[in-house]
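In my numbering, the protein residues as written are 9 to 410. Glycine included, every Cβ here is placed at the ideal spot set by N, Cα and C.
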Amino acid sequence: MSLRFGPTTLAIPGPSIVPERVLRAMHRASPNIYEGELVDIMDELTADLKRVARTAHEVAIYIGNGHAAWEAALANVCSHGDKALVLVTGRFALGWADMAKAMGVDVELMDFGTAAPVDPQQVEDRLRADTAGELKAVLTVHTDTSTSVKSDIPSMRKALDAAGHDALLMVDCIACLGCDEFLMDAWGVDVMGAGCQKGLMTPAGVSFTFHGPKAAEAAKTAECRTSYWNWDPRTDPDLFYQRFAGTAPTHHLYGLREALTMLLEEEGLEACWARHQHFAETLWAATDHWAEGQALACNIHDRAHRSIAVTTLRIEGCAASEVRAWCEAAAGLTLGIGLGLDAAGTPPSDGIFRIGHMGHLSAHNFLGTIATVDAALKALEVPHGEGAVAAATMEIARRAAA
Ligand SMILES: *Cc1c(COP(=O)(O)O)cnc(C)c1O
9 MSLRFGPTTL
19 AIPGPSIVPE
29 RVLRAMHRAS
39 PNIYEGELVD
49 IMDELTADLK
59 RVARTAHEVA
69 IYIGNGHAAW
79 EAALANVCSH
89 GDKALVLVTG
99 RFALGWADMA
109 KAMGVDVELM
119 DFGTAAPVDP
129 QQVEDRLRAD
139 TAGELKAVLT
149 VHTDTSTSVK
159 SDIPSMRKAL
169 DAAGHDALLM
179 VDCIACLGCD
189 EFLMDAWGVD
199 VMGAGCQKGL
209 MTPAGVSFTF
219 HGPKAAEAAK
229 TAECRTSYWN
239 WDPRTDPDLF
249 YQRFAGTAPT
259 HHLYGLREAL
269 TMLLEEEGLE
279 ACWARHQHFA
289 ETLWAATDHW
299 AEGQALACNI
309 HDRAHRSIAV
319 TTLRIEGCAA
329 SEVRAWCEAA
339 AGLTLGIGLG
349 LDAAGTPPSD
359 GIFRIGHMGH
369 LSAHNFLGTI
379 ATVDAALKAL
389 EVPHGEGAVA
399 AATMEIARRA
409 AA
């Protein structure tokens, strides 16, 4: 029989769980969009977004999802025929690269496979070889949500500097902004893209580009820039409606306002990063036990290279879709599908599932997710080691006491 009647849980790598408070903040009549509260909250809202990205520079807000942030980032700095080096650690970098190609950018892929982070030495070597300075930008993904690998962004800045190359460093932080440490200015990132529906706990619908002075300079001559994506009026509008090239995403702004208050004023950004680290390590304590059955493993072997916002698990001998279906139908837990990793030696999408651990997540909620996956492995007779749930509860007990 199904035991799912009661609160359900979404543990997919985006969208994440939307707090009731955020939903309530959105539940209101459409506001005046010319003056009043909505207009008045914008200065603080943009200041808070910059606090989340740890930047003193610019943020533009778009009505759109992560793909919109991708396109906006490219459109503002690229011209047809520009060359971009795309560092591939999973499907998402490939998606961004495809978009760049469609916009007329000459894309070069540097592929690190499906279970490893970017190797900064290879990046540095490639940049050194570009003596003519043809590469306009380096595109990379902080957490690739398909593989759940995390790459070291400061090491890429170092690679650019060591090679003496002035390409723009452009980073997709859509999966992990607000979950994992990201210091845009200190790390020397020129352009960063993010969305509201993962770490920022707001229903999908608004996304962001952050950019520094070097990107602002590049934007002056970018031919791909069209009026809708142009970030200048959005960052420095003469009239309020120019911030959004039209009607503001009214309700999303109220929701986001509430989410940022929770994140920055109540929990604190650094505490939030630490919470995500604790939950990720709690899950990995469980996966270590599951892996003893030889059927299940984290896609990323080295903990230092794992994202703390999402974990991709490989599973053998039992379709991942069965695990997901069991969790959903029997227990009210929705897990993330596998995105096929498509490289030699990697399983197709049905050999993978993903657990999202981003955003609005408490210990009791996350222990429920881990215990439910454990129950699914038992119900479906997937070989697995015992003790995963006990290990997870031990981690929480230890970490909560610290
Ligand atoms: C979710 C995600 C995207 C795409 O975002 P959408 O809102 O689905 O367009 C891009 N990159 C990364 C790393 C993501 O996690």
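Close-in-space but distant-in-sequence residues of the same chain around Arg62 (CB under 7 Å, 5 per side omitted): Cβ-Cβ distances below 7 Å link Arg62 to Phe190, Leu191, Met192, Asp193, Ala194 in the same chain, with the five nearest sequence neighbours on each side left out; the list follows chain order.
One or two residues paired with Ala19 in a DSSP bridge: BP columns for Ala19 point to Leu343.
Quick check on DSSP: helix, strand or coil for Lys144? The three-state reading of DSSP puts Lys144 in strand, counting E and B together.
Does the beta carbon of Phe216 fall short of 7 Å from some heavy atom of ligand 1? Short note on Phe216: C-beta not closer than 7 Å to any heavy atom of ligand 1.
State the Cα-Cα distance for the pair Gly72 and Pro162, rounded to the nearest angstrom. In this structure, the straight-line span from the alpha carbon of Gly72 to that of Pro162 is close to 28 Å.
Give every residue of the same chain whose Cβ lies closer than 6 Å to the Cβ of Gln205, excluding the five residues on either side of it in the sequence, and list them in chain order. Cβ within range, chain order: Gly22, Pro23, Ala212.
Quick check on the DSSP output: the alpha helix (DSSP H) that includes Glu225 runs from which residue to which? Looking at the DSSP string, the run of the alpha helix (DSSP H) that includes Glu225 is 221-227.
Would Asn40 be called buried (16 or more neighbouring beta carbons within 10 Å of its own) or exposed? Counting Cβ neighbours within 10 Å, Asn40 comes out exposed, since fewer than 16 surround it.
Using the DSSP secondary-structure output, state which residues sit across from Val318 in a beta bridge. DSSP, once it has assigned bridges, lists Gly364 as partnering Val318.
If you count every other CB in all the chains shown that lies within 10 Å of the CB of Arg322, and 16 or more means buried, which is it? Per the 10 Å Cβ criterion, buried.
Could you tell me whether the segment 109-117 touches the segment 241-255, where touching means 3 or more Cβ pairs closer than 8 Å? Segments in contact, no.
Other residues of its chain near Ser329: CB distance less than 6 Å, five sequence neighbours each side excluded: Within the same chain, Ser329 has close Cβ partners Asp358.
Ignoring anything shorter than 3 residues or poking outside the segment 149-194, list the beta strand (DSSP E) runs there in chain order. DSSP assignment within the segment 149-194 yields the following whole beta strand (DSSP E) runs of 3 residues or more, N-terminal first: 176-180.
Check the C-beta distance from Lys158 over to Thr151 and give it rounded, since I have them as a contact under 8 Å. Lys158 to Thr151, Cβ: 5 Å. Contact.
With three or more beta-carbon pairs closer than 8 Å as the criterion, would you say the segment 123-139 touches the segment 296-315? Enough Cβ pairs lie closer than 8 Å, so yes.
Gly72 by DSSP, collapsed to three states: which one? In the three-state DSSP reduction, Gly72 falls in the coil class, being neither helix nor strand.
At 4 residues or longer, what runs of the alpha helix (DSSP H) sit wholly inside the segment 211-267? Here the runs fully enclosed are 221-227, 239-243.
If you draw a straight line from the alpha carbon of Ser38 to that of Gly201, how long is it in whole angstroms? Their Cα atoms are separated by approximately 28 Å.
Alpha-carbon to alpha-carbon, Leu176 and Gly325: Each residue's alpha carbon lies about 45 Å from the other.
Using 8 Å as the threshold, is the segment 78-85 in touch with the segment 255-274, meaning 3 or more CB pairs across them? The segment 78-85 makes no contact with the segment 255-274; the number of CB pairs closer than 8 Å stays below 3.
For ligand 1, is there a heavy atom less than 7 Å away from the beta-carbon of Pro21? Taking 7 Å as the cut-off, the C-beta of Pro21 counts as close to a heavy atom of ligand 1.
Would you say the beta carbon of Thr63 comes nearer than 7 Å to a heavy atom of ligand 2? You won't find ligand 2 in this model; what it holds is ligand 1.
Would you say Glu132 and Ala170 are within 8 Å of each other, going by their C-beta atoms? Yes, Cβ-Cβ distance for Glu132 and Ala170 is below 8 Å.
For Pro245, which residues of its own chain have a beta-carbon under 8 Å away from its beta-carbon, when the five flanking residues on both sides are left out? For Pro245, where only same-chain residues beyond five positions count, the Cβ hits under 8 Å are Arg251.
Under 8 Å between C-beta atoms of Gly220 and Leu185: Not in contact: Gly220 and Leu185 (Cβ atoms no closer than 8 Å).
Relative to the C-alpha of Ile69, which residue among Thr139, Ser215, Gly44 is closest? For the residues Thr139, Ser215, Gly44, the minimum Cα distance to Ile69 belongs to Ser215.
Buried or exposed: Met402, going by 16 or more other Cβ atoms within 10 Å of its Cβ? Burial call: exposed.
For ligand 1, is there a heavy atom less than 7 Å away from the beta-carbon of Phe411? The chain is shown only over 9 to 410; residue 411 falls outside these bounds and no answer can be derived.
Cα separation between Cys232 and Ser87? Roughly 5 Å separates the two Cα atoms.
How long is the line joining the alpha carbons of Leu369 and Leu349, rounded to whole angstroms? If you draw a straight line from the Cα of Leu369 to the Cα of Leu349, it comes to about 27 Å.
Can Val149 be considered in contact with ligand 1, in the sense that its beta carbon sits closer than 7 Å to one or more heavy atoms? Placement of the Cβ of Val149 at a distance of less than 7 Å from at least one heavy atom of ligand 1 is found.
Please report the residue range of the alpha helix (DSSP H) in which Val381 lies. Element bounds for Val381: 371-387.
Ignoring anything shorter than 3 residues, give me the beta strand (DSSP E) runs that lie fully in the segment 74-130, in order along the chain. Listed in chain order, they are 91-96, 114-119.
How big is the Cα-Cα spacing for Leu343 and Ile20? Taking the straight line joining both Cα atoms gives about 5 Å.
Under 8 Å between C-beta atoms of Thr320 and Thr210: With respect to Thr210, Thr320 sits apart: the two C-beta atoms are not nearer than 8 Å.
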